[in-house]
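What follows is a short report on a single structure.
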Amino acid sequence: MPIKLFTRIRRHAAISTGNFESLFRKIRISPLPIAISKLLEEINKPEPDLEQIGRLIGALPEISTQVLKTVNSSLFQLRSPVLSIQHAVSLLGLDHIRSITLSFAAVKAVPRPKDALFDHQAFWSDSLLRALTARNFARSYCPEHCDDAFTAMLIADVALPMLLNNWSEYYHPVVREWISSGERLSTIEGKHFGWHHAQAGAWILQRWNFPEQLICFVGVHNSNPKLVTELELEHTIALPLMIASMLPSSLLRSDTRAQVFVDAAMNYFSLASDGLAALMRNVEEGFFEIHELMGLCQVGEQPVLKAVNAVITEKDM
Amino acid sequence: MKNNQKETPCVNAAVSGPQGTRLFHLIRFFSRLQLRYLLPRLRHPQRIVRLFVFVEGTLALAVLSAAAYYTCFPLLFPPLGPSAFILFRMPMSAAAAPRTILLSHLWGLAAGFVALFLGMFFFPHQANVDPGVVSASSIAVLSLAMGLSSLAMIWLECNHPPATATALIVAMGYITSLIQVIGFIVAVVLLITLAFLFNRILGGLPYSYWRHDPDVSSHYGTLAGITNHRQGYWQQLSRKMFHS
Chain Y
1 MPIKLFTRIR RHAAISTGNF ESLFRKIRIS PLPIAISKLL EEINKPEPDL EQIGRLIGAL
61 PEISTQVLKT VNSSLFQLRS PVLSIQHAVS LLGLDHIRSI TLSFAAVKAV PRPKDALFDH
121 QAFWSDSLLR ALTARNFARS YCPEHCDDAF TAMLIADVAL PMLLNNWSEY YHPVVREWIS
181 SGERLSTIEG KHFGWHHAQA GAWILQRWNF PEQLICFVGV HNSNPKLVTE LELEHTIALP
241 LMIASMLPSS LLRSDTRAQV FVDAAMNYFS LASDGLAALM RNVEEGFFEI HELMGLCQVG
301 EQPVLKAVNA VITEKDM
Chain E
1001 MKNNQKETPC VNAAVSGPQG TRLFHLIRFF SRLQLRYLLP RLRHPQRIVR LFVFVEGTLA
1061 LAVLSAAAYY TCFPLLFPPL GPSAFILFRM PMSAAAAPRT ILLSHLWGLA AGFVALFLGM
1121 FFFPHQANVD PGVVSASSIA VLSLAMGLSS LAMIWLECNH PPATATALIV AMGYITSLIQ
1181 VIGFIVAVVL LITLAFLFNR ILGGLPYSYW RHDPDVSSHY GTLAGITNHR QGYWQQLSRK
1241 MFHS
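Just so you know, the sequences run in chain order Y and E.
Okay, so the first sequence: first residue is 1 according to this note's numbering, each after it adds one.
Okay, so the second sequence: first residue is 1001 according to this note's numbering, each after it adds one.
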C-alpha cells in the first residue's frame, strides 16, 4: 500500500510538472538505428562531410528507398527520375535529402500503441497531411527550408503515441475531452497538466539528438503568432507549421476548425481562395503519392481535405 | 481505473481522471514549489538557488548537530561543512555524487592515517607533539597526506576537494580513536542521505543514487557546476521548449 501510494505520488508529480525525464523514464523510446545516429552526429557537426552523409543515407536501404520515392513524387517536380541518393543530393542539395531522411527515420522509431483511443491510420494520415500542407506553405514563405517544415510537422506529434500508451489513465480524459469539446488538444493538455505534447515531442527529439532547430520548431508548432514573434521566429518555418497544425483531425470532422484553418492560411500567407485551393490540391496529390511510405493502407478521399475544400468553395461564392 | 476511483472525490468536475483528484492537486501544488520546476521559469533563478542552498545547508547541519548532541556520538567534523556546501550548491555535479563523497572521504581517512603512521615511524621522537603544532615531521606528514588523498581521488575518479581536509585533520592528529573514525563515516553517510532526501524531495532534482550521470546533469547548469556553458541561439531556445 505505501509503495502504491508512493508510486502514485511520483506519477502525479511527474505529470503535473511536465518532468519529461520521469515521464519517459520507463518508456522504451526505441533508439534510432546506428546508421541514423551516425548520420545525426555527422549532420550536427559544424562542418559536416557531405560525402559521408550521402554514404550513410545510402546504407539504409528502406529509408533510402522511401527518400527516392518521395524525391520522384510530384512534390519535387523533377524532369528525370532520380535513381540514387548521391544523384538526389547533387540535384536537390543535401539539406532537402537530410530532412526527408530524418522524417522517415523518426516515423520508423515511433511505437504503435495498442490503445483503443489510438487510431494508427488517422494519426499518420493527419500527420502526413499537415506535413505536406506545412511544406506547401513554406515553399512560398521560406523556400529553402520547406523540407524542414515537412519533417518537423510530420514528427510534431511524436509524443502522443507514447503518452497514450504509457500514461493512458491521465491521457484518456484529455483525448475524450478533445473529441467532445472540439477544443485544440494543446489547450486541453495545458488545462489538465500545464504542458502539452509539442513540448514532450521536442524533449524526445532532443533525446534522439535531432538538430536543435528542428526541436524548436516541433516545440512551437501548436503555439500562437504572439509567441512566434516573441521568440523572433516570424521569418522561419514556425508560421507555416503553426498554420498547418490548425488543420482539423480526421477523427474530428469539425467545420469550425476547417474555417479557422482557412481564415488563418488566407490571412497569414495573403492567399486568395483560388491560391489556397490550388495549394490544397498539391497537398492531396502529394498525399496519394507517398501515403504508402508511412505504412498507411489504401485511402480514399480525405475527410479533412473535403471539409477544407468546402470552406474554400463557400468563400469563393 | 479502479485505483483512480479510490482517489476521488473529484475536486474539479470539468477535469476527470486522476488529474481531477484532491491528491493530484495537492501533489501538483507542492511539486511546483520544487527547485527543478521553478528554476527555468523564474526571471531571477539565482535567488531561489541561494534560498535553497541556505535552507538545505542549515537543515542538514542542524540534523547532524542534533544527532551528535542526542546520541553523544562524534558526528561533527570540519570537512563536512564544505561537503554540505557542494552537495546543495552543485548537487548535480560529479563532486556531489554519493560514490564520490563516500569514497573520497574514506580515502582521505586512509591517506591521513598512512601519512601519520609513516611520520611516527620515521620521526618517533615527535610522536607526542600536540595536534596543530607545526614541526619538521608534521610538514612531511601533512604534505604526504595531501598528496596521497589527491592521488587516490584522481585514481578512483572521485574528485571531492573537502576530502583532502579529511586527510589533513587525520594527519594533524585530530582523529585518533576508532569511535571517531566510525563517527566520521556515519556522519558522511548521514549527510549523503540528507542530501538525497533534500535534493530529491525539496529540489525535485534527479540526484544520483550512486554514480554521477553526465547525460542527466548536463542540463542543470550551475547546479551541476557548469559555469561557462556557452549555448547558441537554437540551443538556448530548444531548452525553453520543455518548460511551459
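We put the CB at the ideal spot given by N, CA and C, even for glycine.
Indicate whether at least one CB of chain Y lies closer than 8 angstroms to the CB of E:Gly-1221.
Position 221 of the second sequence, counting from 1, holds the residue named residue 1221 of chain E. It does not; no Cβ of chain Y falls within 8 angstroms.
Under 8 angstroms between beta-carbons, which chain E residues line up against Y:Phe-193? List them in chain order, please.
Here residue 193 of chain Y corresponds to residue number 193 of the first sequence, with the count starting at 1. Within 8 angstroms Cβ-Cβ: Gln-1019.
Alpha carbons only, please: which of E:Leu-1075, E:Ile-1139, E:Met-1241, E:Ser-1208 is nearest the one belonging to Y:Ile-204?
For the purposes of this step, residue 204 of chain Y is identified with residue 204 of the first sequence, where counting begins at 1. The shortest Cα separation from Y:Ile-204 among E:Leu-1075, E:Ile-1139, E:Met-1241, E:Ser-1208 belongs to E:Met-1241.
Measuring alpha carbon to alpha carbon, tell me which residue in E:His-1044, E:Val-1063, E:Ile-1048, E:Thr-1100 is nearest E:Leu-1156.
In the second sequence, residue 1156 of chain E corresponds to position 156, counting from 1. Of the listed residues, the one whose Cα sits closest to E:Leu-1156 is E:Thr-1100.
Residues of its chain near Y:Ala-106, where Cβ-Cβ distance is below 6 angstroms and the 5 sequence neighbours each way are ignored
Along the first sequence, read from residue 1 onward, the residue named residue 106 of chain Y stands at position 106. For Y:Ala-106, where only same-chain residues beyond five positions count, the Cβ hits under 6 angstroms are Ile-155.
Buried versus exposed call for E:Val-1133 [16 or more other C-beta atoms within 10 Å across all chains shown]:
For the purposes of this step, residue 1133 of chain E is identified with residue 133 of the second sequence, where counting begins at 1. When all chains shown are included, E:Val-1133 counts as exposed.
Taking one C-beta from the stretch 302-317 of chain Y and one from the stretch 256-265 of chain Y each time, how about it: are there three or more such pairs within less than 8 angstroms?
yes
Could you tell me which of Y:Leu-185, Y:Pro-113, Y:Phe-104, Y:Gly-286 sits nearest to Y:Asn-222, measuring between CA atoms?
Along the first sequence, read from residue 1 onward, the residue named residue 222 of chain Y stands at position 222. Minimum Cα distance to Y:Asn-222 is reached at Y:Leu-185.
Using beta-carbon positions only, say whether Y:Phe-269 and Y:Tyr-170 come within less than 8 angstroms of one another.
As a position in the first sequence, residue 269 of chain Y is number 269, starting the count at 1. As a position in the first sequence, residue 170 of chain Y is number 170, starting the count at 1. Not a contact, by the Cβ cut-off of 8 angstroms.
Measure the alpha-carbon distance for E:Arg-1047 versus E:Ile-1201 and round it to whole angstroms.
On the second sequence, position 47 is the one that residue 1047 of chain E refers to. On the second sequence, position 201 is the one that residue 1201 of chain E refers to. Using only the alpha carbons, I get a separation of about 19 angstroms.
So, does the CB of E:Leu-1039 fall closer than 8 angstroms to a CB anywhere in chain Y?
As a working note, residue 1039 of chain E is residue 39 in the second sequence. Answer no: the Cβ-Cβ gap between E:Leu-1039 and chain Y never drops below 8 angstroms.
Please state whether the Cβ-Cβ distance between E:Gly-1173 and E:Leu-1116 is less than 8 angstroms.
Mapped onto the second sequence, residue 1173 of chain E falls at position 173. Mapped onto the second sequence, residue 1116 of chain E falls at position 116. Yes, the Cβ-Cβ distance between E:Gly-1173 and E:Leu-1116 is below 8 angstroms.
At least one CB of chain Y closer than 8 angstroms to the CB of E:Trp-1155: is that the case?
Counted from its first residue, the second sequence places residue 1155 of chain E at position 155. E:Trp-1155 does not count as touching chain Y.
Exposed or buried, E:Ala-1167, counting other C-beta atoms within 10 Å across all chains shown (16 or more means buried)?
As a working mapping, residue 1167 of chain E is identified with position 167 in the second sequence. By the neighbour-count rule (16 or more Cβ atoms within 10 Å), E:Ala-1167 is buried.
Output the distance between the C-alpha atoms of Y:Ile-9 and E:Arg-1022, rounded to the nearest integer angstrom.
Locating residue 9 of chain Y in the first sequence gives position 9, where the first residue counts as 1. Locating residue 1022 of chain E in the second sequence gives position 22, where the first residue counts as 1. Each residue's Cα considered, the two are about 12 angstroms apart.
On the CB-based measure, 16 or more other CB atoms within 10 Å of its CB, does Y:Ala-278 come out buried or exposed?
Locating residue 278 of chain Y in the first sequence gives position 278, where the first residue counts as 1. Exposed: under 16 other Cβ atoms inside 10 Å.
According to DSSP, simplified to helix, strand and coil, what is E:Ser-1218?
Here the question's residue 1218 of chain E lines up with position 218 in the second sequence. In this structure, E:Ser-1218 counts as coil in the three-state DSSP scheme.
Along the stretch 166-195 of chain Y, what residues have a CB closer than 9 angstroms to any CB found in chain E?
Glu-169, Tyr-170, Tyr-171, His-172, Pro-173, Val-174, Arg-176, Glu-177, Gly-190, Lys-191, His-192, Phe-193, Gly-194, Trp-195
For Y:Leu-163 versus Y:His-196, is the C-beta spacing smaller than 8 angstroms?
The residue given as residue 163 of chain Y occupies position 163 in the first sequence. The residue given as residue 196 of chain Y occupies position 196 in the first sequence. It is not a contact, given that the beta carbons lie outside the stated cut-off.
Please state whether DSSP places Y:Gly-346 in a helix, a strand or coil.
It is not possible to answer for residue 346 of chain Y, since the shown part of chain Y is limited to 1 through 317.
Is it the case that the Cβ atoms of E:Pro-1074 and E:Ile-1169 are separated by a distance below 8 angstroms?
Looking up residue 1074 of chain E in the second sequence gives position 74. Looking up residue 1169 of chain E in the second sequence gives position 169. No; because the gap between Cβ atoms is not below 8 angstroms, this pair is not in contact.
If we cut at 8 angstroms on Cβ distances, does E:Lys-1002 have a partner in chain Y?
The residue labelled residue 1002 of chain E in the question sits at position 2 within the second sequence. Low confidence applies to E:Lys-1002: its pLDDT is 37, below 50, so where it sits in the model is not reliable, and the reading given next is rough at best. No - not a single Cβ of chain Y is within 8 angstroms of the one on E:Lys-1002.
Have a look at E:Ala-1103 and Y:Leu-60 and give me their C-alpha separation to the nearest angstrom.
Along the second sequence, read from residue 1 onward, the residue named residue 1103 of chain E stands at position 103. Along the first sequence, read from residue 1 onward, the residue named residue 60 of chain Y stands at position 60. Note that residue 1103 of chain E is Leu in the sequence shown here, rather than Ala. E:Leu-1103 and Y:Leu-60: Cα-Cα distance of roughly 46 angstroms.
Selected residue, minimal CA-CA separation from Y:Ala-134, among Y:Leu-91, Y:Cys-146, Y:Asp-126, Y:Ser-125:
Your numbering for residue 134 of chain Y matches position 134 in the first sequence. Ranking the options by Cα distance to Y:Ala-134, first place goes to Y:Cys-146.
Backbone CA spacing between E:Cys-1072 and E:Val-1189 [nearest angstrom]
Numbered from 1 along the second sequence, position 72 holds the residue referred to as residue 1072 of chain E. Numbered from 1 along the second sequence, position 189 holds the residue referred to as residue 1189 of chain E. Rounded to whole angstroms, E:Cys-1072 to E:Val-1189 spans 17 angstroms at the Cα level.
Just to confirm the assignment, what range does the alpha helix (DSSP H) spanning Y:Asn-165 have?
Along the first sequence, one-based indexing puts residue 165 of chain Y at 165. Per DSSP, Y:Asn-165 belongs to the alpha helix (DSSP H) from 159-166.
Taking Cβ-Cβ distances shorter than 7 angstroms, what residues in chain Y pair up with E:Phe-1024?
Locating residue 1024 of chain E in the second sequence gives position 24, where the first residue counts as 1. In chain order: His-12, Ser-16.
Are the stretch 1136-1149 of chain E and the stretch 1051-1062 of chain E touching by the rule of at least three beta carbon pairs closer than 8 angstroms?
no
Beta-carbon contacts of Y:Phe-193 that lie in its chain and below 7 angstroms, excluding the five residues immediately before and after:
Along the first sequence, one-based indexing puts residue 193 of chain Y at 193. Counting only Cβ-Cβ distances below 7 angstroms, and skipping sequence neighbours, we find Ile-15, Ser-16, Gly-18.
Status (buried if at least 16 other CB within 10 Å, exposed otherwise) for E:Ala-1136
In the second sequence, counting from the first residue as 1, residue 1136 of chain E sits at position 136. Label assigned to E:Ala-1136: exposed.
Does the stretch 1146-1155 of chain E come within contact of the stretch 1107-1125 of chain E, defined as at least 3 CB pairs closer than 8 angstroms?
yes
Could you tell me whether the Cβ atoms of Y:Leu-271 and Y:Ala-264 are closer together than 8 angstroms?
By one-based count along the first sequence, residue 271 of chain Y stands at place 271. By one-based count along the first sequence, residue 264 of chain Y stands at place 264. No; because the gap between Cβ atoms is not below 8 angstroms, this pair is not in contact.
From E:Tyr-1286 to Y:Trp-208, what distance separates their C-alpha atoms?
Outside the displayed range of chain E (1001 to 1244) lies residue 1286 of chain E, so it cannot be described from this structure.
Determine, for Y:Ile-155, whether the minimum Cβ-Cβ distance to residues of chain E falls below 8 angstroms.
Residue mapping note: residue 155 of chain Y aligns to position 155 of the first sequence, counting from 1. Y:Ile-155 does not count as touching chain E.
Residue-level contact to chain Y via CB, E:Phe-1198, 8 angstroms cutoff:
Reading the second sequence from its first residue, position 198 is the one you call residue 1198 of chain E. No - not a single Cβ of chain Y is within 8 angstroms of the one on E:Phe-1198.
Determine the burial state of E:His-1212: buried for a count of at least 16 other Cβ atoms within 10 Å of its Cβ, exposed for fewer.
In the second sequence, residue 1212 of chain E corresponds to position 212, counting from 1. Buried is the call here.
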